[in-house]
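Notes follow once the structure below has been shown.
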Amino acid sequence: MESKKYTLQSIATGNKFEDKGWTLDAPNEEQATLIRAIYDKKQIEVGDLSEGLYRFEDWLPIDRRLKGSYAPITYKSEGLAKELGLSNLYITFSGYWPEKGIKMSTCSFKETESYSVGARLDPQEKKVLVVASAGNTARAFAKVCSDNNIPLLLCVPEDNLSALWFDEPIKDNVKLIVAESGGDYFDAIHLSNLACEMDEYFPEGGAKNVARRDGMATTTLSAVTHIGKIPDYYFQAVGSGTGAIAAWEANLRLIEDGRFGDNKMKLMISQNSPFTPIHDAWYANSRAILPMDDDIARKQVEDITAKVLSNRKPPYPIIGGLFDAMKDAGGEVLLATNDELAAAGDLFLKAEGNDIHPASAVAVATLVNAAKDNSIDKDALIMLNITGGGEERFKSEHELFYLKPKLVFPLNPDKELVFEKLKNLFL
Ligand SMILES: Cc1ncc(COP(=O)(O)O)c(C=O)c1O
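Per numbering that gives the first Met the number 0, residue 0 is the first one in the sequence shown, and the count goes up by one each step.
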């Protein structure tokens, strides 16, 4: 095997090892831990904007490029900054905003992870990649895999099919299976786990996949290389928190780079109340997510507008995960209500000129509150990660095509039935 431009490292033990192609865990280790890519190149050389996401290739665990990507863009805010009285507010935007030179057609930063994960994959791989998701992740992976001919089995709850809109029909190498109506994200995950017990399929890995995290880290790389300095604060709405872990890891690499300062951005992460498991664990100083009553949690998820922020098992406790990131960098878990996020979305549209995803509006709402109650210095250097936007506009400007399921499975399906149906799906 040709040698790679990075090695992998266990966060728990510091052990280093080679990437066997799709290594997700530290070999022969007892404790659950994230692993991290340690790049040979310590000073990043950023490519041209026209290279899309791959302008940050030095710090992506890949050795090929896929077509059609955009990198997140960063600019200094005027409108919102003025509204909030902030002198150093930078907005990092992922989504659709042609005037700013970015046209992510699935309209969220989930494209950063799918272009990175897809490019980590060996083009000769015979097994099929499996991804379970309820929304933006599914859309991003479907598009990237369709455009680049990567076989993909997508597992989604049937009730979320409306999230699977595209500006072009998705090709047949992407196959959608669903957990029937009434099921949720966990039923989709269950299906994906069953598929991955089969020889024909393998899991994408979520937060454990270094390509996913380092793809999302490009938001921070965009901000810091544009500004020339590591910010004081990082604002982002979290579901799993993978984006915030990625931002922290990028921060550590940028300190090592030596040209951007040696501070750690305070991680000002946010959730949509009343669904607040990360908030609750953080303020209880607990590495474990506090026990949740299933019915209450389901009801809370029904109540929140920013549905993508509804992960009940975030990579928070795992070594090298969100709890460790927050302990190391410092930060807070802030909350926004549905009303606050609606007002923040309107404010962003008025002040900056684009619609934003409800999840991004959660981050904006918490920034508004922090500015109002003076909990951050008005001259602090702030990165606001607008993780999704331009969706309303994109939909109004394009004809939309919906991906249809190949198979619908009952909730709690018989394992043998799933095996039988999936066995020849890609033949
Ligand atoms: C637009 C948007 N913002 C934020 C998030 C939260 O990201 P993470 O799960 O990495 O915390 C998501 C997750 O799907 C998202 O789609």
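Glycine included, every Cβ here is placed at the ideal spot set by N, Cα and C.
Q: Have a look at Ser289 and Asp62 and give me their C-alpha separation to the nearest angstrom.
A: Locating residue 289 in the sequence shown gives position 290, counting from the first residue. Locating residue 62 in the sequence shown gives position 63, counting from the first residue. The amino acid occupying residue 289 in the given sequence is Leu; Ser does not appear at that position. Cα atoms of Leu289 and Asp62: separation of roughly 40 Å, rounded to the nearest angstrom.
Q: Provide the residue(s) that pair with Arg35 in DSSP beta bridges, ordered along the chain.
A: For the purposes of this step, residue 35 is taken as residue 36 along the sequence shown, with counting starting at 1. Paired residues: Gln8.
Q: Report the partner residues of Val130 according to the DSSP bridge assignment.
A: As a working note, residue 130 is residue 131 in the sequence shown. Note: Val130 sits in a beta bridge opposite Leu153.
Q: Report all residues from its chain with a CB closer than 8 Å to the CB of Glu28; omit the five preceding and five following residues, and keep chain order.
A: Locating residue 28 in the sequence shown gives position 29, where the first residue counts as 1. Correct list, in chain order: Ser9, Ala11, Thr12 and Asn14.
Q | Proximity test, His356 beta-carbon vs ligand 1 heavy atom, cut-off 7 Å | A | The residue given as residue 356 occupies position 357 in the sequence shown. His356 Cβ: within cutoff of ligand 1.
Q: Let me know the beta strand (DSSP E) ranges lying completely inside the region 316–359, each 3 residues or longer, listed in chain order.
A: Those beta strand (DSSP E) runs which fall completely within the region 316–359 and span 3+ residues are 330–335.
Q) Since Asp18 and Leu33 are thought to touch, with beta carbons under 8 Å apart, how far apart are those beta carbons, to the nearest angstrom? A) As a first step, residue 18 must be located in the sequence shown, where it is residue number 19. As a first step, residue 33 must be located in the sequence shown, where it is residue number 34. Actually they are not in contact, since the Cβ atoms of Asp18 and Leu33 sit about 14 Å apart, beyond 8 Å.
Q: Determine the DSSP secondary structure at Ser107, reduced to helix, strand or coil.
A: In the sequence shown, residue 107 corresponds to position 108, counting from 1. It is a strand residue.
Q | Residue of Ala25, Ala342 and Val363 minimising C-alpha distance to Val237 | A | Locating residue 237 in the sequence shown gives position 238, where the first residue counts as 1. The shortest Cα separation from Val237 among Ala25, Ala342 and Val363 belongs to Val363.
Q: Inspect the beta-carbon positions of Leu79 and Glu351 and report whether they are closer than 8 Å.
A: Along the sequence shown, read from residue 1 onward, the residue named residue 79 stands at position 80. Along the sequence shown, read from residue 1 onward, the residue named residue 351 stands at position 352. In this structure, Glu351 lies closer than 8 Å to Leu79 by Cβ.
Q) Exposed or buried, which one is Arg258 when buried takes at least 16 other CB atoms within 10 Å? A) Here residue 258 refers to the residue found at position 259 of the sequence shown. Classification for Arg258: exposed.
Q: Take Pro71 as the anchor and find which of Ala343, Leu399, Gly387 and Phe425 has the nearest alpha-carbon.
A: In the sequence shown, counting from the first residue as 1, residue 71 sits at position 72. Comparing Cα positions, the closest option is Gly387.
Q) How about Leu151 and Val177: are their beta carbons less than 8 Å apart? A) As a working note, residue 151 is residue 152 in the sequence shown. As a working note, residue 177 is residue 178 in the sequence shown. Against a cut-off of 8 Å, the Cβ pair of Val177 and Leu151 comes out as no contact.
Q. What did DSSP end up calling Gly388 once you bin it into helix, strand or coil?
A. On the sequence shown, residue 388 is found 389 positions in, with the first residue counted as 1. Looking at Gly388 - three-state DSSP - the assignment turns out to be strand.
Q: Write down the C-beta distance between Ala118 and Leu65 rounded to the nearest angstrom, noting that I regard them as a contact closer than 8 Å.
A: Residue mapping note: residue 118 aligns to position 119 of the sequence shown, counting from 1. Residue mapping note: residue 65 aligns to position 66 of the sequence shown, counting from 1. About 5 Å separates the two Cβ atoms, so the contact holds.
(Q) Measuring straight from C-alpha to C-alpha, what distance separates Phe234 and Trp21? (A) By one-based count along the sequence shown, residue 234 stands at place 235. By one-based count along the sequence shown, residue 21 stands at place 22. In a straight line, the C-alpha of Phe234 is about 31 Å away from that of Trp21.
Q.
Can you tell me whether Phe418 is helix, strand or coil according to DSSP?
A. Locating residue 418 in the sequence shown gives position 419, counting from the first residue. If DSSP states are grouped into helix, strand and coil, Phe418 belongs with the helices.
Q) Are the beta-carbon atoms belonging to Pro156 and Gly182 less than 8 Å from one another? A) Residue numbering aside, residue 156 sits at position 157 when the sequence shown is read from its first letter. Residue numbering aside, residue 182 sits at position 183 when the sequence shown is read from its first letter. Their beta carbons are under 8 Å apart, which means Pro156 touches Gly182 by this criterion.
Q | heavy atom of ligand 1 below 7 Å from Leu65 C-beta | A | If you number the sequence shown from 1, residue 65 lands on position 66. Incorrect: Leu65 has no Cβ contact closer than 7 Å to ligand 1.
Q: Quickly, what does DSSP pair Tyr232 with across the bridge? List them, please.
A: The sequence position of residue 232 within the sequence shown is 233, counting from 1. Bridge partners of Tyr232: Lys265 and Ile381.
Q) Which of the three DSSP states, helix, strand or coil, is assigned to Ile295? A) Residue 295 sits at position 296 when you count from the first residue of the sequence shown. Note: Ile295 maps to helix in three-state DSSP.
Q) Which stretch, first to last residue, makes up the beta strand (DSSP E) that contains Val177? A) Taking the first residue of the sequence shown as 1, we reach residue 177 at position 178. Its beta strand (DSSP E) spans residues Val173 to Ala178.
Q: Report the rounded CA-to-CA distance for Glu339 versus Glu124, giving the unit in angstroms.
A: For the purposes of this step, residue 339 is taken as the residue at position 340 of the sequence shown. For the purposes of this step, residue 124 is taken as the residue at position 125 of the sequence shown. Going from the Cα of Glu339 to the Cα of Glu124 covers about 46 Å.
Q: May I ask you to check if the CB of Lys207 is nearer than 7 Å to at least one heavy atom of ligand 1?
A: Against the sequence shown, residue 207 aligns to sequence position 208. No, the Cβ of Lys207 stays beyond 7 Å of every heavy atom of ligand 1.
Q: Please find out if some non-hydrogen atom of ligand 2 comes closer than 7 Å to the beta-carbon of Val237.
A: In terms of ligand content, the structure shown lacks ligand 2 and carries ligand 1 instead.
Q: Leaving aside the five residues before and after Leu220 along the sequence, list all residues of the same chain whose C-beta is less than 6 Å from its C-beta, in chain order.
A: Working through the sequence shown from its first residue, we reach residue 220 at position 221. Cβ neighbours of Leu220 beyond the five flanking positions: Phe55 and Ala249.
Q: Whole angstroms is fine: what's the gap from Val209's alpha carbon to Arg35's?
A: Residue 209 sits at position 210 when you count from the first residue of the sequence shown. Residue 35 sits at position 36 when you count from the first residue of the sequence shown. Cα to Cα, the separation comes out at about 6 Å.
Q. Run through DSSP, which three-state label would Val237 get?
A. The residue you call residue 237 lines up with position 238 of the sequence shown. Assignment of Val237 by DSSP, reduced to helix, strand and coil, places it in the coil class.
Q: List the endpoints of the continuous alpha helix (DSSP H) containing Pro276.
A: Along the sequence shown, read from residue 1 onward, the residue named residue 276 stands at position 277. Run containing Pro276: Pro276 to Tyr282, per the alpha helix (DSSP H) assignment.
Q) Quick one, are the C-beta atoms of Phe425 and Glu196 less than 8 Å apart? A) Numbered from its first residue, the sequence shown carries residue 425 at position 426. Numbered from its first residue, the sequence shown carries residue 196 at position 197. Their beta carbons are not under 8 Å apart, which means Phe425 does not touch Glu196 by this criterion.
Q. In the DSSP assignment, what residue or residues form a beta bridge with Val209?
A. For the purposes of this step, residue 209 is identified with residue 210 of the sequence shown, where counting begins at 1. As DSSP reads the structure, Val209 sits in no beta bridge.
(Q) Any heavy atom of ligand 1 closer than 7 Å to the beta-carbon of Gly242? (A) Here residue 242 is taken as the residue at index 243 of the sequence shown, counted from 1. Under cutoff, so the answer is yes.
Q) Thinking just about the alpha-carbon of each residue, which of Leu253, Gln30 and Cys144 is nearest to the one in Val45? A) Taking the sequence shown and counting its residues from 1, the one referred to as residue 45 is at position 46. Nearest option by C-alpha distance: Leu253.
Q: Mark Val307 as exposed unless 16 or more other C-beta atoms lie within 10 angstroms of its C-beta, in which case mark it buried.
A: Here residue 307 refers to the residue found at position 308 of the sequence shown. Answer is buried; the Cβ neighbour count reaches 16.
Q) When the Cα of Asn172 is compared with those of Ala187, Asn159 and Leu153, which residue comes out closest? A) On the sequence shown, position 173 is the one that residue 172 refers to. Ranking the options by Cα distance to Asn172, first place goes to Leu153.
Q: Please go through the same chain and pick out, in chain order, the residues whose beta-carbon is closer than 6 Å to the beta-carbon of Ser76, but skip the five residues on each side of it.
A: The count along the sequence shown starts at 1 and reaches residue 76 at position 77. Once the five neighbours on either side are set aside, the close Cβ partners of Ser76 are Leu88 and Ile90.
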